[in-house]
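Number of protein chains: 2
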Amino acid sequence: MLTSSMEDYLEKIYELMKEKGYARVSDIASSLSVQPSSVTKMIQKLDEKQLVTYEKYRGIVLTPKGEQLGKLMKQRHKRLEEFLRMLGIREETIQKDVEGIEHHVSPATMSALNNLVLFFDQNSHCLQEFNDFCTELQTLKETEDERK
Amino acid sequence: MLTSSMEDYLEKIYELMKEKGYARVSDIASSLSVQPSSVTKMIQKLDEKQLVTYEKYRGIVLTPKGEQLGKLMKQRHKRLEEFLRMLGIREETIQKDVEGIEHHVSPATMSALNNLVLFFDQNSHCLQEFNDFCTELQTLKETEDERK
Ligand SMILES: [Mn+2]
Ligand SMILES: [Mn+2]
């Protein structure tokens, strides 16, 4: 079982490795806004779970299993972003919501949300109808608020 | 700021009060699967935040502010359930996902998900198209898996 924090680390290390080819403690610390000492402790835990190793000269490296999980975390994050973006949520709120939600979404729910994004992408008339529906609800709500 | 655990307690106390008119430590403990001593500690914290009070003979009672929040938690939980149910997620998975997700969904996202449920409810042709789309994706995936 991975904790939410472990998932965040795997996602971040995967990201850094894709960007730079390696992940340094200092880079992980600054991008997750944590102390380097916390990174070192977490790396030990992930090492025990055989998800990362430490290579001389190269630094922290994901094992194949760690890379597979990191990729999954990154993909889940990206897909949840896409879903909320489709719903018209503000970027700032998207980032905050996704950071919390991502650790609690089962593969079944993730797959259904992804299907919903694909569906609206390929059936723009339904997305249009949905957006019109939202505008209408909003107008109704505002009229009601004015009446009060 | 409320912690996830505080939100769970407020939701549960609200539920018990609606059901029975009162919330006893033992009922809260058994329905949240925690020790009575944990409930007592949490009630103290919620009391400090003026969300619950202890009334002689009646037991734990939500303050008006606590009741408002408890109702909101309960509503958010119910609406997330409805959303995942609409996506065809299994009941067991729904319960697990909602218990985690609910604490991380912003009001903006909650409102958008709720609109989506209302939309599909009132535009069943779009829901039908979505369900057909999912079946098609599933068939494609199975055909691909067979080829491997
Ligand atoms: Mn993330
Ligand atoms: Mn709940």
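Order-wise, the sequence lines are chains A and B.
Quick note on numbering: the first sequence equals residues 1 to 148 in full-length UniProt numbering.
Quick note on numbering: the second sequence equals residues 1 to 148 in full-length UniProt numbering.
Virtual Cβ for every residue (Gly too), placed ideally from N, Cα, C.
Taking 9 Å as the CB threshold, K96 (chain A) lines the interface with chain B.
The shortest C-alpha to C-alpha distance from K12 (chain A) to any of A:D27, A:T3, A:M1, A:L2 is the one to A:D27.
Shown here for N131 (chain B): same chain residues with a beta carbon closer than 8 Å to its own, the five before and five after excluded, namely G88 in chain order. If you draw a straight line from the Cα of E67 (chain B) to the Cα of M17 (chain B), it comes to about 9 Å. Within chain B, the residues placing a beta-carbon under 8 Å from that of T93 (chain A) are S106, A108, T109, ordered along the chain. The C-alpha of F133 (chain B) is placed about 22 Å away from the C-alpha of L80 (chain B). Of all alpha-carbon atoms in B:E142, B:L140, B:Y9, the one lying nearest the alpha-carbon of K71 (chain B) is that of B:Y9. At least one heavy atom of ligand 1 is found less than 8 Å from the C-beta of H77 (chain A). I60 (chain A) has its alpha-carbon roughly 26 Å from the corresponding atom of V98 (chain A). Proximity of chain A to E129 (chain B) at the Cβ level (cut-off 8 Å) is accounted for by F119, N123, C126, in chain order. Cβ neighbours of K74 (chain B) within its own chain (closer than 7 Å, five residues either side excluded): E11, Y14, E15. Within the UniProt domain "HTH dtxR-type" (2 to 63) of chain B, complete alpha helix (DSSP H) segments of at least 4 residues are found at 4 to 20, 25 to 32, 36 to 48, given in chain order. Counting of Cβ neighbours within 10 angstroms places L140 (chain A) among the exposed residues, the total staying below 16.
Within the same chain, and ignoring the five residues on either side of I94 (chain B) in sequence, the residues whose Cβ sits closer than 7 Å to its Cβ are E81, L84, R85.
Of the heavy atoms belonging to ligand 2, at least one sits nearer than 8 Å to the Cβ of V98 (chain B).
For a Cβ distance threshold of 7 Å, residue set T109 of chain A lies close to L84 (chain B), ordered along the chain. Ligand 1 has no heavy atom closer than 8 Å to the beta-carbon of D8 (chain B). In terms of side-chain proximity, the C-beta atom of M42 (chain B) is found no nearer than 8 Å to any non-hydrogen atom of ligand 2. Interface flag for E99 (chain A) against chain B is set, since a Cβ pair is found closer than 9 Å. Residue-level contact by beta carbon fails for H77 (chain B) and chain A, as no gap is shorter than 9 Å. Within the region 42 to 76 of chain B, no residue has a Cβ lying closer than 9 Å to any Cβ of chain A.
Shown here, S106 (chain A) sits in coil according to DSSP, grouped into three states, outside any helix or strand. Counting only runs of 3 or more residues that sit fully inside the region 59 to 133 of chain B, the beta strand (DSSP E) segments are 59 to 62, in chain order. The beta carbons of M6 (chain A) and K49 (chain A) sit closer together than 9 Å.
Chain B places a beta carbon closer than 9 Å to that of L116 (chain A), counting this residue as a contact. When Cβ-Cβ separations below 9 Å define contact, A23 (chain A) makes no contact with chain B. Within 10 angstroms of the beta-carbon of E102 (chain A) lie 16 or more other beta-carbons, which makes it buried.
With respect to the 9 Å criterion, G100 (chain B) and V105 (chain A) are classified as neighbours on the basis of their beta carbons. Between ligand 1 and the CB of E82 (chain A), the shortest heavy atom gap is not smaller than 8 Å. Close to L137 (chain B), with beta-carbon spacing below 7 Å, are these residues of chain A in chain order: N115.
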